[in-house]
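Asks: One structure is given below, represented as structure tokens, and several questions about it will come after.
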Amino acid sequence: MSKKTVIVLGIDGYLGWATALHLSQAGHAVVGIDSLVRRRWDRECGTQSLIPIKTMPQRVKLWRRLTGHRIDWRPMDLCDARAVTELISELQPDALVHFAEQRSAPFSMVDLPHATLTQVNNLVGTLNLLFALRDHAPKAHLIKLGTMGEYGTPNIDIEEGFLTITHNGRQDRLPFPMQPGSFYHLSKLHDSHNIQFACRIWGLRATDLHQGVVYGNHTDEVAMDAGLSTRFDYDAIWGTVLNRFCVQAALGLPLTVYGKGGQTRGFLDIRDTVACVRLALENPANEGEYRVFNQFTEQFSVKTLAEKVRDARAVHGLATNIVHLPNPRVEREEHYYNAKHQKLLDLGLQPHYLGDTLIESVIDVVERHASRVDPVELEQPNVDWRRGGTANWRKPVKKATVDRDASQRPVVVSSKAPSPTLPARGREKDPTVPARGREKERRVAQTR
39 MSKKTVIVLG
49 IDGYLGWATA
59 LHLSQAGHAV
69 VGIDSLVRRR
79 WDRECGTQSL
89 IPIKTMPQRV
99 KLWRRLTGHR
109 IDWRPMDLCD
119 ARAVTELISE
129 LQPDALVHFA
139 EQRSAPFSMV
149 DLPHATLTQV
159 NNLVGTLNLL
169 FALRDHAPKA
179 HLIKLGTMGE
189 YGTPNIDIEE
199 GFLTITHNGR
209 QDRLPFPMQP
219 GSFYHLSKLH
229 DSHNIQFACR
239 IWGLRATDLH
249 QGVVYGNHTD
259 EVAMDAGLST
269 RFDYDAIWGT
279 VLNRFCVQAA
289 LGLPLTVYGK
299 GGQTRGFLDI
309 RDTVACVRLA
319 LENPANEGEY
329 RVFNQFTEQF
339 SVKTLAEKVR
349 DARAVHGLAT
359 NIVHLPNPRV
369 EREEHYYNAK
379 HQKLLDLGLQ
389 PHYLGDTLIE
399 SVIDVVERHA
409 SRVDPVELEQ
419 PNVDWRRGGT
429 ANWRKPVKKA
439 TVDRDASQRP
449 VVVSSKAPSP
459 TLPARGREKD
469 PTVPARGREK
479 ERRVAQTR
């Protein structure tokens with residue numbers, strides 16, 4: 039394997055950080071770019087990662103001390119065209135891994151400003167990158183994080199990006215028909231079209247990773263030290279369904295399934311995410327090629343996931359209830375779903391499948407950080423696809439003070455020490471977390 043210069047765009051995020059460590063440990067020269075906007079959006083929404091995460095300077099310093107590998111971290115906004123152009127011109131990268139986008143469907147559905155912010159941020163950032171590559175590094179390989187959500191839930195098998203169609207006696211291979219489910223998913227689809235177009239007319243090379251829902255928080259690199267932790271989101275804006283279920287199970291709360299629970303999606307372990315990116319990096323697309331890999335390892339319905347978490351707790355004698363809430367999203371709740379995902383397996387991916395051990399490891403993470411759980415985040419979804427953000431989608435400003443009242447702390451229902459006690463509706467305030475919700479709404483044109 040030859041050493042490559044790789045730019046990881048969005049290095050401060052959940053997947054960006056884990057991927058940067060994995061590629062650095064594999065011997066590649068990693069440059070990390072991020073505007074840190076995700077942390078600002080946390081403050082706007084009144085949310086926080088369950089697992090405390092260090093600042094970027096602290097993270098890269100610790101990584102170098104532990105491994106001897108240097109990650110060149112640079113604060114930068116991908117929507118700054120001049121900065122992006124100068125970066126590509128200076129580094130002449132072999133490859134770029136593009137995570138630097140607003141990635142929450144609920145955030146994009148709050149209202150017009152948030153829908154606009156999502157699409158401007160995501161599309162303009164990627165366009166800046168494409169033009170910079172055309173002019174300064176046309177042979178670089180762009181690895182772009184897409185989403186399986188671009189496809190929707192068609193009543194036919196989902197192919198990997200393209201579909202061979204026979205119509206009126208003629209045949210062609212065309213992009214698979216897409217049915218995105220939010221303004222966020224639409225932004226990812228528009229990205230895919232822009233990247234495919236740039237490959238076709240400029241001869242760029244790109245791999246579009248249509249990724250499923252990721253779970254887990256530990257890779258070999260992240261597990262080296264608590265200071266290398268990546269995010270754990272469980273709230274209604276940024277969180278994923280398995281994280282929410284594991285937090286609810288750890289606190290003895292019912293698992294909240296939206297609608298009937300038949301919504302079926304592709305899922306994968308974070309260890310497989312970083313492995314897939316590395317496989318794409320080390321087996322690049324050809325010049326002028328736009329290729330799509332469906333990046334997931336298993337398919338589950340939401341109801342099946344809830345049952346898996348319930349059953350994992352039952353092994354320890356802990357009863358967990360499942361409740362159904364009105365679905366805030368506009369989506370099919372019972373449908374056919376069969377998506378192909380062979381290409382990464384052909385490149386050598388060795389999947390980590392979801393089992394009781396993994397579920398218990400996620401619940402163990404929740405138990406260790408239970409004082410940081412906000413039970414209010416686990417009650418009702420606060421963004422509705424038809425009506426937008428509810429009155430309380432954004433939390434009020436609260437002063438971050440120390441509250442030692444134990445009655446305000448969530449109570450963990452641990453497999454190590456079973457307890458029927460439900461958590462109080464409060465939380466211990468963490469003095470290391472900034473006061474939440476302080477930033478006023480920024481003008482969309484000024485926001486990354």
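Count the sequence shown with our numbering and you get residues 39 to 486, in order.
Cβ coordinates follow ideal geometry from the N, Cα and C atoms, glycine included.
Nothing here was measured: the structure is a model prediction, and the numbers come from that model.
1) From which residue to which residue does the beta strand (DSSP E) around Tyr375 run?
2) Inspect the beta-carbon positions of Ala175 and Pro131 and report whether they are closer than 9 Å.
3) Near Ile196, what residues of its chain come up, given a Cβ to Cβ distance below 6 Å and the 5 sequence neighbours on each side ignored?
4) Express the C-alpha separation of Arg78 and Val68 in angstroms, rounding to a whole number.
5) Quick check on the burial criterion: 16 or more other C-beta atoms within 10 angstroms. Buried or exposed for Glu259?
6) Quick one: what does DSSP say Leu383 is sitting in, helix, strand or coil?
7) Between the beta-carbon of Gly51 and the beta-carbon of Arg282, is there less than 9 Å?
8) Taking 7 Å as the limit between beta carbons, can you name the residues of its chain near Ile109, skipping five residues before and five after?
9) Using the C-alpha atoms, what's the distance from Asp402 back to Val450?
10) Cutting at 6 Å between CB atoms, please list the residues of its own chain near Pro461, excluding the five before and the five after it.
11) Count the other CB atoms within 10 Å of the CB of Ile239; is the residue buried (16 or more) or exposed (fewer)?
12) Please classify Glu371: is it buried, with 16 or more other beta-carbons within 10 angstroms of its beta-carbon, or exposed?
13) Quick one: what's Asn332 bridged to in DSSP?
14) Could you name each continuous alpha helix (DSSP H) segment of 4 residues or more that falls completely within the segment 201 to 260, going from the start of the chain to the end?
15) Can you tell me whether DSSP reads His60 as helix, strand or coil?
16) For Ile401, which of helix, strand or coil comes out of DSSP?
17) Buried or exposed, going by whether 16 or more other CB atoms sit within 10 Å of the CB of Asn366?
18) Quick one: is Ser220 buried, meaning 16 or more other Cβ sit within 10 Å of its Cβ, or exposed?
19) Keeping to the same chain, check which residues put their C-beta closer than 8 Å to that of Gly386; ignore five residues upstream and five downstream.
20) Answer with buried or exposed for Arg14, where buried requires no fewer than 16 other C-beta atoms within 10 angstroms of its C-beta.
21) Pull up the distance between the alpha-carbon of Gln528 and that of Asp273, whole angstroms please.
22) Once the 5 residues before and after Val251 are set aside, which same chain residues still bring their CB inside 6 Å of it?
23) What is the DSSP secondary structure of Arg303, reduced to helix, strand or coil?
24) According to DSSP, which residues form a beta bridge with Ser339?
25) Measuring only the C-alpha atoms, how far is Val411 from Leu88?
26) Is there a C-beta anywhere in chain D that falls below 9 Å from the one on Val421?
27) Could you check where the beta strand (DSSP E) with Pro144 kicks off and where it finishes?
28) Fully enclosed by the segment 167 to 195, which beta strand (DSSP E) runs are 3 residues long or longer?
29) Okay, do the segment 116 to 123 and the segment 311 to 328 touch, 3+ Cβ pairs below 8 Å being the bar?
30) Are Glu128 and Asn160 close, meaning C-beta to C-beta below 9 Å?
31) Rank Ile233, His248 and Gln249 by C-alpha distance to the C-alpha of Leu242 and give the top, closest one.
32) Hey, could you find the ends of the alpha helix (DSSP H) Ile308 is sitting in?
33) What are the residues that DSSP puts in a beta bridge with Tyr296?
34) Could you have a look at Trp423 and say whether DSSP puts it in helix, strand or coil?
35) Using C-beta distances below 8 Å, list every residue in its chain close to Ile311, excluding the 5 sequence neighbours before and after it, in chain order.
36) From the DSSP output, read off the bridge partner residues of His136.
Replies: Reading off the structure:
1) Here the question's residue 375 lines up with position 337 in the sequence shown. Counting along the chain, Tyr375 falls outside any beta strand (DSSP E), and DSSP gives it neither H nor E.
2) As a working mapping, residue 175 is identified with position 137 in the sequence shown. As a working mapping, residue 131 is identified with position 93 in the sequence shown. Contact: yes.
3) The residue labelled residue 196 in the question sits at position 158 within the sequence shown. Hits under 6 Å: Tyr189 and Ala377.
4) For this step, residue 68 is matched to residue 30 along the sequence shown. For this step, residue 78 is matched to residue 40 along the sequence shown. Computed Cα separation, rounded: 25 Å.
5) Residue mapping note: residue 259 aligns to position 221 of the sequence shown, counting from 1. Classification for Glu259: buried.
6) For the purposes of this step, residue 383 is taken as the residue at position 345 of the sequence shown. In the structure shown, Leu383 sits in a helix (DSSP, three-state: H, G or I).
7) Residue mapping note: residue 51 aligns to position 13 of the sequence shown, counting from 1. Residue mapping note: residue 282 aligns to position 244 of the sequence shown, counting from 1. Not closer than 9 Å, so no.
8) Position 71 of the sequence shown, counted from the start, is the residue given in the question as residue 109. The residues are Ala58, Ser62, Val68, Gly70, Val98 and Trp101.
9) Counting from 1 along the sequence shown, the entry for residue 450 is found at position 412. Counting from 1 along the sequence shown, the entry for residue 402 is found at position 364. Those two C-alpha atoms are separated by around 10 Å.
10) Walking along the sequence shown from the start, residue 461 turns up at place 423. Residue confidence for Pro461 is low, a pLDDT of 38 falling below 50, so the modelled location carries little weight; the figure read from the coordinates is stated next. Excluding positions up to five away in sequence, the list reads Leu289, Pro413, Pro448 and Val449.
11) Along the sequence shown, one-based indexing puts residue 239 at 201. Exposed.
12) Locating residue 371 in the sequence shown gives position 333, where the first residue counts as 1. Burial call: buried.
13) Counting from one through the sequence shown, the residue named residue 332 turns up at place 294. Within the DSSP secondary-structure output, Asn332 pairs in a beta bridge with His248.
14) 221 to 240
15) Taking the sequence shown and counting its residues from 1, the one referred to as residue 60 is at position 22. Residue state, collapsed to three classes: helix.
16) Taking the first residue of the sequence shown as position 1, residue 401 is located at position 363. Ile401: helix per DSSP, three-state reduction.
17) Within the sequence shown, numbered from 1, the residue matching residue 366 stands at position 328. Looking at the sequence itself, residue 366 is Pro, so the reference to Asn does not match. Only buried fits Pro366, as 16 or more other CB atoms lie within 10 angstroms of its CB.
18) Along the sequence shown, read from residue 1 onward, the residue named residue 220 stands at position 182. By the neighbour-count rule (16 or more Cβ atoms within 10 Å), Ser220 is buried.
19) Translated into positions along the sequence shown, residue 386 becomes position 348. Result list for Gly386: Leu317, in chain order.
20) In the structure as shown, the chain begins at 39 and stops at 486. Residue 14 is therefore absent and cannot be evaluated.
21) The displayed coordinates of the chain run from 39 to 486. Any statement about residue 528 would go beyond what the structure contains.
22) Within the sequence shown, the letter at position 213 stands for residue 251. Cβ neighbours of Val251 beyond the five flanking positions: Thr278, Arg303 and Phe305.
23) Along the sequence shown, one-based indexing puts residue 303 at 265. Three-state result, Arg303: strand.
24) One-based indexing of the sequence shown puts residue 339 at position 301. According to DSSP, which records beta bridges pairwise, Ser339 is partnered with Thr302.
25) The count along the sequence shown starts at 1 and reaches residue 411 at position 373. The count along the sequence shown starts at 1 and reaches residue 88 at position 50. As the crow flies, the alpha-carbon of Val411 is around 6 Å from that of Leu88.
26) The structure shown contains no chain D; it holds only a single protein chain.
27) Taking the sequence shown and counting its residues from 1, the one referred to as residue 144 is at position 106. No beta strand (DSSP E) holds Pro144; the alpha helix (DSSP H) holding it covers Ala143 to Ser146.
28) 179 to 185
29) Fewer than three pairs of CB atoms, one per stretch, sit closer than 8 Å, so the segment 116 to 123 makes no contact with the segment 311 to 328.
30) As a position in the sequence shown, residue 128 is number 90, starting the count at 1. As a position in the sequence shown, residue 160 is number 122, starting the count at 1. No; because the gap between Cβ atoms is not below 9 Å, this pair is not in contact.
31) Counted from its first residue, the sequence shown places residue 242 at position 204. Selected option, being the one with the closest Cα: Ile233.
32) In the sequence shown, the residue the question calls residue 308 occupies position 270. Segment Ile308 to Glu320, the alpha helix (DSSP H) holding Ile308.
33) As a first step, residue 296 is located in the sequence shown; it is residue number 258 there, counting from the start. Partner(s): Leu363.
34) If you number the sequence shown from 1, residue 423 lands on position 385. Looking at Trp423 - three-state DSSP - the assignment turns out to be coil, as it is neither helix nor strand.
35) Along the sequence shown, one-based indexing puts residue 311 at 273. It should be noted that the sequence gives Thr, not Ile, for residue 311. Leu53, Ala56, Thr57, Gln249, Val252 and Gln333, listed in sequence order.
36) Locating residue 136 in the sequence shown gives position 98, counting from the first residue. Beta-bridge pairing links His136 to Leu47 and Lys182.
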